[in-house]
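Peer 1: Let me give you the structure first, and then I'll get to my questions.
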Amino acid sequence: MTPIIELHDVDVTEFLAVLDTCQGNVFLVTREGDHLNLKSKLCQLVGLTQLIEGGKIAQAYIVCENAEDETKLFRFNLFNDTGDAEVEK
């Protein structure tokens with residue numbers, strides 16, 4: 001797996017839209033070391049509900065199997081670039 005991306009103050013709706021465009025597995029790594037596959041809607045629900053504070057992800061670590069997905073999520077995290085993701089407002 002590729003290096004970890006640390007996310008802070010991420011809009012959940014936009015994050016999930018970008019996540020849906022990822023090709024490979026994307027894992028949320030908890031502070032306890034658990035790895036939740038965010039391509040699974042159930043894992044999204046379980047993992048994100050533990051991290052959400054006030055409608056935004058407070059802090060999370062992401063590991064991607066696909067380098068293109070890592071780039072996509074890095075650009076989203078740094079520039080709030082949703083790319084080709086369809087974000088519902």
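Residue numbering for the sequence shown follows this note's numbering, beginning at 1 and increasing consecutively.
Ideal Cβ positions, reconstructed from N, Cα and C, are used throughout, including at glycine.
These numbers come from a predicted model, not from an experiment.
Per DSSP, which one or two residues make a beta bridge with Leu28?
Peer 2: As a working note, residue 28 is residue 28 in the sequence shown. In the DSSP output, where bridge partners are listed per residue, Leu28 has Leu36, Ile62.
Peer 1: What are the boundary residues of the beta strand (DSSP E) that includes Asp81?
Peer 2: For this step, residue 81 is matched to residue 81 along the sequence shown. Element bounds for Asp81: n/a, residue is neither H nor E.
Peer 1: Measure how close the beta-carbons of Val12 and Leu38 come, nearest whole angstrom, since I'm counting them as under 8 Å.
Peer 2: Translated into positions along the sequence shown, residue 12 becomes position 12. Translated into positions along the sequence shown, residue 38 becomes position 38. With a Cβ gap of about 12 Å, Val12 and Leu38 do not count as contacting.
Peer 1: Taking its Cβ as the centre, do 16 or more other Cβ atoms sit within 10 Å of Asp69, making it buried, or is it exposed?
Peer 2: The residue you call residue 69 lines up with position 69 of the sequence shown. Classification of Asp69: buried, given that the 10 Å Cβ count is 16 or more.
Peer 1: Using beta-carbon positions only, say whether Val29 and Ile52 come within less than 8 Å of one another.
Peer 2: For the purposes of this step, residue 29 is taken as residue 29 along the sequence shown, with counting starting at 1. For the purposes of this step, residue 52 is taken as residue 52 along the sequence shown, with counting starting at 1. In this structure, Ile52 does not lie closer than 8 Å to Val29 by Cβ.
Peer 1: By DSSP, does Glu88 sit in helix, in strand, or in coil?
Peer 2: Translated into the one-based positions of the sequence shown, residue 88 becomes position 88. Three-state DSSP puts Glu88 in coil, outside helix and strand.
Peer 1: Along the alpha helix (DSSP H) that carries Thr49, what are the first and last residues, could you check?
Peer 2: Here the question's residue 49 lines up with position 49 in the sequence shown. From DSSP, the alpha helix (DSSP H) with Thr49 extends over 41-51.
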